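Read the structure below first, then the notes.
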Amino acid sequence: MSPRGARPAGGPQVDGLVVVDKPAGLTSHDVVARARRILGQRRVGHAGTLDPMATGVLLLGLGRGTRLLGHLALTDKVYDATIRLGRSTTTDDAEGEPLEDRPVDVDPERLARAMAALTGRIDQVPSSVSAVKVDGVRAYARVRAGEQVELAARRVTVHRFDLLARRSDGVAADPAGSDLDVRVGCSSGTYIRAIARDLGAALGCGGHLTALRRTVVGPFGLARAVSLDTFAELGAGAVIPLAEAVAAGFARRDVAGDVAVDVRHGRRLAPVGRPGTYGVFGPDGSVLALVEESAEVVRSLVVFAPA
Numbered sequence: 001m002s003p004r005g006a007r008p009a010g011g012p013q014v015d016g017l018v019v020v021d022k023p024a025g026l027t028s029h030d031v032v033a034r035a036r037r038i039l040g041q042r043r044v045g046h047a048g049t050l051d052p053m054a055t056g057v058l059l060l061g062l063g064r065g066t067r068l069l070g071h072l073a074l075t076d077k078v079y080d081a082t083i084r085l086g087r088s089t090t091t092d093d094a095e096g097e098p099l100e101d102r103p104v105d106v107d108p109e110r111l112a113r114a115m116a117a118l119t120g121r122i123d124q125v126p127s128s129v130s131a132v133k134v135d136g137v138r139a140y141a142r143v144r145a146g147e148q149v150e151l152a153a154r155r156v157t158v159h160r161f162d163l164l165a166r167r168s169d170g171v172a173a174d175p176a177g178s179d180l181d182v183r184v185g186c187s188s189g190t191y192i193r194a195i196a197r198d199l200g201a202a203l204g205c206g207g208h209l210t211a212l213r214r215t216v217v218g219p220f221g222l223a224r225a226v227s228l229d230t231f232a233e234l235g236a237g238a239v240i241p242l243a244e245a246v247a248a249g250f251a252r253r254d255v256a257g258d259v260a261v262d263v264r265h266g267r268r269l270a271p272v273g274r275p276g277t278y279g280v281f282g283p284d285g286s287v288l289a290l291v292e293e294s295a296e297v298v299r300s301l302v303v304f305a306p307a
């Protein structure tokens, strides 16, 4: 039996975005496969991979919405995470093998200084089991094949690194505890596992990530997210239409009918002195293109063919 709201076989393609609250235990590709079954269409992708242990916001692009994913993946993100001090692991998270255990003797002031040092523009070395490609192969695949992987540092921006709570024994509040509940707002390409590792290293006791929940990707947060069960129930009813998705994620420029025809055919728009990326909308409210304006030139990033 097909889910309620699924696209009938041979029916029109569904275009837009779905914000899924990914459960633990599934890969991002598992969620894409589930969406394909729910909607009965192959053209589904995702922006910003979440590890199986992680939960939270995963953006799915459907149909023409897949063309937005590369641009949305570059937006800022917010995570809630738990860092456990006192142990370093091979993967910088709880799924790796322990490397070393050390006592945790870190007062609040020292912790605050170490967290502040990891805020702002920093050079971060991704975890060796990250999805970064090394000569065309994902780093994690090389590690699983037994290779030693050394990744170069990358410049990222951590906008906020807030301590929400400090606990011991997993539950009890303790100003000297080893479990840190934190909130991280960061640029695309920032690895929270690496932040856990680097914080532990700075404190001299080691550290690793034990929990991760993504709460925001660009303009989309958990308030707009649906569980996979709800997605299966609603089907296409859970989809944010393409025009609404672009309007939520980018600035907007409305054009008249004759200009809309030009945009549809890939002709250049006249600049309007609005630097940056924005969506171009026709007089009927449909989204025509995603463009980037700079130096008096408007360059098309995505031109959406008519549905």
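All residue numbers for the sequence shown refer to the UniProt record's numbering, where the first residue is 1 and numbers rise by one.
Quick reminder that beta carbons are idealized off the backbone N, C-alpha and C, glycines included.
These figures come from a predicted structure and were not determined experimentally.
Can you give the Cα-Cα distance for residue i and residue j, rounded to whole angstroms?
i: Gly-282; j: Ala-270; result: 15 Å
i: Ala-81; j: Ser-168; result: 15 Å
i: Pro-219; j: Ala-54; result: 20 Å
i: Pro-103; j: Arg-197; result: 15 Å
i: Leu-228; j: Val-302; result: 29 Å
i: Asp-179; j: Val-106; result: 12 Å
i: Leu-222; j: Gly-61; result: 17 Å
i: Met-115; j: Ala-165; result: 14 Å
i: Arg-160; j: Asp-123; result: 16 Å
i: Ser-88; j: Arg-252; result: 46 Å
i: Thr-157; j: Thr-91; result: 22 Å
i: Val-263; j: Arg-183; result: 41 Å
i: Ala-153; j: Thr-277; result: 28 Å
Could you give the DSSP three-state label for residue i: helix, strand or coil?
i: Ala-251; result: strand
i: Phe-231; result: helix
i: Arg-102; result: coil
i: Ser-187; result: coil
i: Ser-28; result: helix
i: Thr-49; result: coil
i: Arg-129; result: It is worth fixing the name first, because residue 129 is Val in this sequence and not Arg. If DSSP states are grouped into helix, strand and coil, Val-129 belongs with coil.
i: Thr-210; result: strand
Assign residue i to one of two classes, buried (16 or more other C-beta atoms within 10 Å of its C-beta) or exposed (fewer than that).
i: Asp-21; result: buried
i: Thr-49; result: exposed
i: Gly-266; result: exposed
i: Thr-230; result: exposed
i: Gln-41; result: buried
i: Asp-101; result: exposed
i: Leu-99; result: exposed
i: Asp-15; result: buried
i: Glu-293; result: buried
i: Pro-126; result: buried
i: Val-239; result: buried
Is it the case that the CB of residue i approaches a heavy atom of the ligand SAH more closely than 7 Å?
i: Ala-176; result: Summarising the ligand content, the structure contains no ligands, and the ligand SAH is consequently not present.
Assuming residue i and residue j make a contact with CB atoms under 8 Å, what is their CB distance in whole Å?
i: Leu-59; j: Leu-69; result: 7 Å
i: Ala-247; j: Val-19; result: The Cβ separation is near 15 Å, so there is no contact.
i: Arg-155; j: Arg-193; result: About 18 Å separates the two Cβ atoms, so there is no contact after all.
Open item on the list: Closer than 8 Å is the cut-off here; do at least three beta carbon pairs connect the region 188-195 with the region 67-87?
Closed with: yes
- [ ] Report yes or no: do the region 204-223 and the region 31-40 share at least 3 C-beta pairs separated by less than 8 Å?
- [x] no
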